[in-house]
Amino acid sequence: AQSVTQLGSHVSVSEGALVLLRCNYSSSVPPYLFWYVQYPNQGLQLLLKYTSAATLVKGINGFEAEFKKSETSFHLTKPSAHMSDAAEYFCAVSDPDKLIFGTGTRLQVFP
Amino acid sequence: NAGVTQTPKFRVLKTGQSMTLLCAQDMNHEYMYWYRQDPGMGLRLIHYSVGEGTTAKGEVPDGYNVSRLKKQNFLLGLESAAPSQTSVYFCASSYKGSYEQYFGPGTRLTVT
């Protein structure tokens, strides 16, 4: 069965620093991979998705992720954190007819 | 377009009471999903539907029932609420084969 592991339930960075949120997946078939963001008291919004085209995927708000098959990873990065990036981030992998979500990483951004 | 809407936004139940959560989408999506979100556990799939009149169990289906009588609506029922069902419930929908899910704003349910 497909699964997702997000390393680090909490990540803290200073404003302007690099953001790196880690996601590793397990899948028996070529996966589709997603990153979603959740701001406080809101639903989830799609940040970006990998659907077997380019391995480097660019999303909204300056985020990007790279699909590395050899490492079964899909880490999310942003070169320079902004205070407005503070939120919870979820990685997800496709499973027939549905998605399997990771347990989430809460990003804190300090001034 | 309203996207995915959920009714109600908040609810407090006593143990043993029943209730139904309503999810509606106006994007003509074939697939619909119900999740619960608990601290440290991410989103866990309760039930889902791949089309009108069809439903399937997800990861945590016990204590919940669902119905999809119309393509645009997906109902989640709790027949006899328990404190363990205190959670935030999210509905989502997607096109068939897309996997990209659109989420509603959530329902915060407290069972005392």
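Chains A and B, in that order, give the protein sequences. The first sequence begins at 19 in the working numbering and counts up by one. The second sequence begins at 942 in the working numbering and counts up by one. Don't be surprised by glycine CBs; every beta carbon is placed ideally from N, CA and C. These numbers come from a predicted model, not from an experiment.
### Query
So is B/Leu1017 in contact with chain A if we call contact Cβ pairs under 8 Å?
No, because no Cβ of chain A sits closer than 8 Å to the Cβ of B/Leu1017.
### Query
Shorter than 8 Å from the beta carbon of A/Lys67 to some beta carbon of chain B?
Chain B, which has a Cβ nearer than 8 Å to the Cβ of A/Lys67, makes this yes.
#### Entry: Nearest to B/Val1001 (by Cα), restricted to the options B/Gly992, B/Arg1009 and B/Ser1025
Ranked by how close their Cα comes to the Cα of B/Val1001, the residues B/Gly992, B/Arg1009 and B/Ser1025 have B/Ser1025 in first place.
### Query
Cβ of A/Thr95 within 8 Å of Cβ of A/Leu38?
Yes, the pair counts as a contact, with Cβ atoms nearer than the cut-off.
### Message
Between A/Leu117 and chain B, is the shortest Cβ-Cβ distance under 8 Å, so that the two count as touching?
### Response
Yes, A/Leu117 lies at the interface with chain B (some Cβ there is under 8 Å from its Cβ).
### Message
Measuring straight from C-alpha to C-alpha, what distance separates A/Asp103 and B/Tyr1043?
### Response
Distance from the CA atom of A/Asp103 to the CA atom of B/Tyr1043, rounded to whole angstroms, is 20 Å.
### Query
In the structure shown, what three-state DSSP assignment does A/Asn59 receive?
DSSP places A/Asn59 in the coil class of the three-state scheme, outside both helix and strand.
### Alpha carbon of B/Leu1016 to alpha carbon of B/Met960, nearest angstrom
In a straight line, the C-alpha of B/Leu1016 is about 10 Å away from that of B/Met960.
### Query
Hey, how far is the Cα of B/Ala997 from the Cα of A/Phe81?
Rounded to the nearest angstrom, the two C-alpha atoms are 34 Å apart.
#### Entry: Residue range of the unbroken beta strand (DSSP E) whose run includes A/Val47
Boundaries for A/Val47: no beta strand (DSSP E) harbours it, and the DSSP string shows neither H nor E there.
### Query
Any idea what DSSP makes of B/Met973, helix, strand or coil?
Reduced to three states, the DSSP call for B/Met973 is strand.
### Query
Rounded to a whole number of angstroms, what is the C-alpha to C-alpha distance between B/Gly999 and B/Ala965?
A straight line joining the alpha-carbon of B/Gly999 with that of B/Ala965 spans about 19 Å.
### Query
Mind checking A/Glu106: buried by the 16 CB within 10 Å criterion, or exposed?
By the neighbour-count rule (16 or more Cβ atoms within 10 Å), A/Glu106 is buried.
### Query
At which residues does the beta strand (DSSP E) containing A/Tyr107 begin and terminate?
Here the beta strand (DSSP E) through A/Tyr107 covers Ala105 to Asp113.
### B/Ala997: first and last residue of the uninterrupted beta strand (DSSP E) it sits in
Unbroken beta strand (DSSP E) run through B/Ala997: Thr995 to Lys998.
### Query
Does any CB atom of chain A fall closer than 8 Å to the CB of B/Leu962?
B/Leu962 is outside the set of residues whose beta carbon lies under 8 Å from a beta carbon in chain A.
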